[in-house]
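1 is the number of the first residue of the sequence shown in full-length UniProt numbering; add one for each residue after it.
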Amino acid sequence: MDNFINRDEGLGICRLQVVIKTSNDLWSGTDDNVYMEIKFDDGEHKVYLNTDWHNDFERGDVDTFNINLPRRVQKSSIKSFEFYKKGSDDWKIEWIKISDIETGEVLCYEQGINRKLNLSGERVVISSGYWNDPV
Ligand SMILES: [Ca+2]
Ligand SMILES: [Ca+2]
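Quick look at the structure:
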């Protein structure tokens, strides 16, 4: 248990940058509401991914969101990042990159997701177990 705790370095994370590429394929874009849920050891935090006065998640777009966490957390307390949309419009995600804004450290960069979410509430889950994949 001590080793696990010692893996954490620094002050922890309080702001994340989430970058999402919507696929270039036909019908990849969505007008549904898109959400990210961050699962922690002891709870979760849900974020509505939306930029005002901008049509998010259109085909081929790269959308960037800066997210404030409810509190400063250690990296090891994050269990997963989960993405889903609510509504009847399909959405195809090509890749997702998540970084710590303060340090610039890339927490995860899932380059080959290429998955279409057809169902409302269906999730793409990026588990912290995969974070050490080479970038
Ligand atoms: Ca849209
Ligand atoms: Ca918008």
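Every residue, glycine too, gets a C-beta built ideally from N, C-alpha and C.
- [ ] Determine the DSSP secondary structure at Ser99, reduced to helix, strand or coil.
- [x] strand
Task: Beta-carbon spacing of Asn118, Asp89 below 7 Å - done: no
Task: Beta-carbon proximity of Lys79 to Ser128, cut-off 7 Å - done: yes
- [ ] Ignore the nearest five residues each way along the sequence and tell me which others in Tyr48's own chain have a CB closer than 8 Å to its CB.
- [x] Asn33, Val34 and Tyr35
Open item on the list: For a test of your reading of the model: does the CB of Phe65 fall under 6 Å from any non-hydrogen atom of ligand 1? Yes or no.
Closed with: Result no, Cβ not under 6 Å from ligand 1.
- [ ] Could you tell me whether the region 10-25 touches the region 62-75, where touching means 3 or more Cβ pairs closer than 8 Å?
- [x] Look at the beta carbons and you see the region 10-25 touching the region 62-75: at least three pairs across the two are nearer than 8 Å.
Open item on the list: Suppose contacts are defined by Cβ-Cβ distances below 7 Å. Is Arg29 in contact with Arg59 by that definition?
Closed with: According to the sequence as given, residue 29 is Gly; it is not Arg. Cβ atoms of Gly29 and Arg59: closer than 7 Å.
TODO: Pick out whichever of His54, Asn24, Ser76 and Asn66 has its Cα sitting closest to the Cα of Lys39.
DONE: Ser76
Open item on the list: Check this for me: beta carbons of Thr22 and Asp61, under 7 Å apart or not?
Closed with: yes
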